[in-house]
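Remarks on the structure that follows.
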Amino acid sequence: DQQVKQNSPSLSVQEGRISILNCDYTNSMFDYFLWYKKYPAEGPTFLISISSIKDKNEDGRFTVFLNKSAKHLSLHIVPSQPGDSAVYFCAALATSGTYKYIFGTGTRLKVLA
Amino acid sequence: EAGVVQSPRYKIIEKKQPVAFWCNPISGHNTLYWYRQNLGQGPELLIRYENEEAVDDSQLPKDRFSAERLKGVDSTLKIQPAELGDSAVYLCASSRSGSHNEQFFGPGTRLTVL
Chain V
1 DQQVKQNSPS LSVQEGRISI LNCDYTNSMF DYFLWYKKYP AEGPTFLISI SSIKDKNEDG
61 RFTVFLNKSA KHLSLHIVPS QPGDSAVYFC AALATSGTYK YIFGTGTRLK VLA
Chain Z
1001 EAGVVQSPRY KIIEKKQPVA FWCNPISGHN TLYWYRQNLG QGPELLIRYE NEEAVDDSQL
1061 PKDRFSAERL KGVDSTLKIQ PAELGDSAVY LCASSRSGSH NEQFFGPGTR LTVL
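As you go down the protein sequences, you meet chains V and Z in turn.
Residue 68 in the working numbering sits at position 68 of the first sequence; the count goes up by one each step and never skips.
Take the position in the second sequence, starting the count at 1, then add 1000; the result is the number in the working numbering.
Shown next, in the form of structure tokens:
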């Protein structure tokens, strides 16, 4: 079963506007959530994370929001830049009980100049 | 700081042949991970090491896959024999022990099994 889902395979946004990438999860045992960015022929690069006890974490142009009741998180990029064009993966981590580190299927973001 | 190094970057083999991938993690990172990423999917964890101990290998297909990290630094992942369905990108990542957050990924090895 897909415990971490990114239902939008792709997203196009105009430069300077906001990009919103979404992620849903099913397992309430996850206690950390992370976003990675991946360029072609490179490994994923960590962007930002959030603990399950928080609902928002901000780092420069990147903000992650967590809605635990809806089992939903989102990554906001403001303002979007052409260099942000990449595939974005959300990941969920469970550290108590059975260790789990599960990635979503990714969303390809294209920022148009 | 040097990143995670993986080799080879690309490998093409015929089915039933063996293949091995090598990973050198970031210095000081005690935790090492091997992932497999199929086309259009996210990385899937195969095995996780804390130093030289494999602490989670539940997703490793043990009939044909093996891994080792003998001195708690470099690691190798082996497939023998390879099958067509093993074609994927194999990613190595490392992190500091106890880190609940970021993993540092290498560029991956793209395996094609013909």
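Virtual Cβ for every residue (Gly too), placed ideally from N, Cα, C.
Note that the coordinates shown come from a computational prediction; the quantities given were computed from them, not determined experimentally.
- In the three-state scheme derived from DSSP, where H, G and I count as helix and E and B as strand, residue 1111/Z is classed as strand.
- Leaving aside the five residues that flank residue 92/V on each side, the residues in its chain whose CB is nearer than 6 Å to its CB run, in chain order, 4, 25, 30, 33 and 102.
- Neighbours of residue 88/V across chain Z, judged by C-beta separation under 7 Å, do not exist; the nearest C-beta is about 10 Å away.
- The three-state reading of DSSP puts residue 1056/Z in strand, counting E and B together.
- With respect to residue 62/V, residue 73/V sits apart: the two C-beta atoms are not nearer than 7 Å.
- Secondary structure note for residue 72/V: its beta strand (DSSP E) is the uninterrupted segment 72–77.
- Contact note: residue 1008/Z does not reach chain V at a C-beta cutoff of 7 Å; the least C-beta distance is about 13 Å.
- Between residue 13/V and residue 87/V, the C-beta gap is not smaller than 7 Å, which leaves the two residues out of contact.
- Residues 1023, 1032 and 1069 of the same chain have their beta carbon placed closer than 6 Å to that of residue 1075/Z, with the five preceding and five following residues left out of the count.
- By the neighbour-count definition (other C-beta atoms within 10 Å, threshold 16), residue 1039/Z is an exposed residue.
- In the DSSP assignment, residue 1007/Z falls within the beta strand (DSSP E) that extends over 1005–1007.
- Residue range 32–38 is occupied by the beta strand (DSSP E) that includes residue 33/V.
- Using a CB distance cut-off of 7 Å, residue 1042/Z counts as an interface residue toward chain V.
- Comparing alpha carbon positions, the residue from 70/V, 71/V, 64/V and 90/V closest to residue 78/V is 64/V.
- Those residues of the stretch 1051–1084 of chain Z placed with their C-beta closer than 7 Å to a C-beta in chain V are 1056, ordered along the chain.
- In this model, residue 1008/Z and residue 37/V are separated by some 23 Å (Cα to Cα).
- The Cβ atoms of residue 1091/Z and residue 1014/Z lie no closer than 7 Å to each other.
- The alpha-carbon of residue 1107/Z is positioned some 24 Å away from that of residue 81/V.
- Residue 1102/Z has its alpha-carbon roughly 16 Å from the corresponding atom of residue 58/V.
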